[in-house]
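The structure appears right after this line, and notes come after that.
There are 2 protein chains.
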Amino acid sequence: MPRFRVAVHVIPRKGILDPQGKAVRDALHTLGFGSVVDAHVGRHLVLEVDAPAEADATAGVRAMCDKLLANPVTEDYEIAGVQLA
Amino acid sequence: MPRFRVAVHVIPRKGILDPQGKAVRDALHTLGFGSVVDAHVGRHLVLEVDAPAEADATAGVRAMCDKLLANPVTEDYEIAGVQLA
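Taken in order, these protein sequences are the chains called A and B.
Positions in the first sequence are counted from 1; adding 17 to them yields my numbering.
Positions in the second sequence are counted from 1; adding 17 to them yields my numbering.
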């Protein structure tokens with residue numbers, strides 16, 4: 018069975034407070050990077066899954082995001098890329 | 018001055034222990050997702066920066082990664098994308 022490497026972005030939902038992003042922005046300002054207007058921090062996950070086809074791999078990863086990897090109340094996720102491992 | 022949205026991936030360096038990735042893989046197995054062979058967890062940062070040109074924006078973000086956003090001993094980073102905000 019082919020193996021796929023699926024990349025996922027999990028990001029705070031728009032309109033939800035993003036304290037980690039605010040902390041990063043403030044720290045960058047303190048370090049002199051005044052050009053930073055905004056910062057958001059999410060997670061970048063890379064999953065290696067065995068699946069018969071690319072569509073099955075992405076469907077499986079979506080199920081994993083729904084069940085475990087993303088908080089459905091506060092976070093959105095998107096499949097950022099799929100490639101043969 | 019134009020505003021750019023720069024996306025950055027910060028990922029654990031290859032060969033370095035990735036306990037968070039291992040925890041995710043084990044949790045997915047427990048939930049019945051046995052097709053997952055490996056999982057890696059990094060950070061997905063989106064920075065909005067004011068810069069005269071795209072090259073200046075990415076150069077600035079690289080400096081931020083070197084100084085604050087990535088741990089130079091255990092992590093690698095890559096600019097995942099740049100677009101006008």
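By construction, the Cβ of each residue, glycine as well, lies at the ideal position given by its N, Cα and C atoms.
Keep in mind it's a predicted model, so treat the numbers as computed, not measured.
Counted within 10 angstroms of its Cβ, other Cβ atoms place residue i as buried (16 or more) or exposed
i, result
"P19/B", "exposed"
"P29/B", "buried"
"L45/A", "buried"
"L34/A", "exposed"
"V53/A", "buried"
Cβ shell of residue i (< 8 Å), same chain only, five flanking positions each side left out
i, result
"G77/A", "V66, A68"
"A74/B", "F21, V23, V66, A68, V99"
"A97/B", "A24, V25, H26, H61"
Residue-level contact to chain A via CB, residue i, 8 Å cutoff
i, result
"I28/B", "yes"
"A44/B", "yes"
Cβ of residue i within 8 Å of any chain B Cβ
i, result
"K84/A", "yes"
"G32/A", "no"
"V63/A", "yes"
"R60/A", "yes"
Residues that DSSP places opposite residue i in a beta bridge
i, result
"E71/A", "According to DSSP, which records beta bridges pairwise, E71/A is partnered with nothing at all."
"D43/A", "Note: D43/A sits in no beta bridge, so no partner."
Residues of its chain near residue i, where Cβ-Cβ distance is below 7 Å and the 5 sequence neighbours each way are ignored
i, result
"E92/A", "V27, I28, P29, R30"
"G59/B", "H26, V27, I28, P29"
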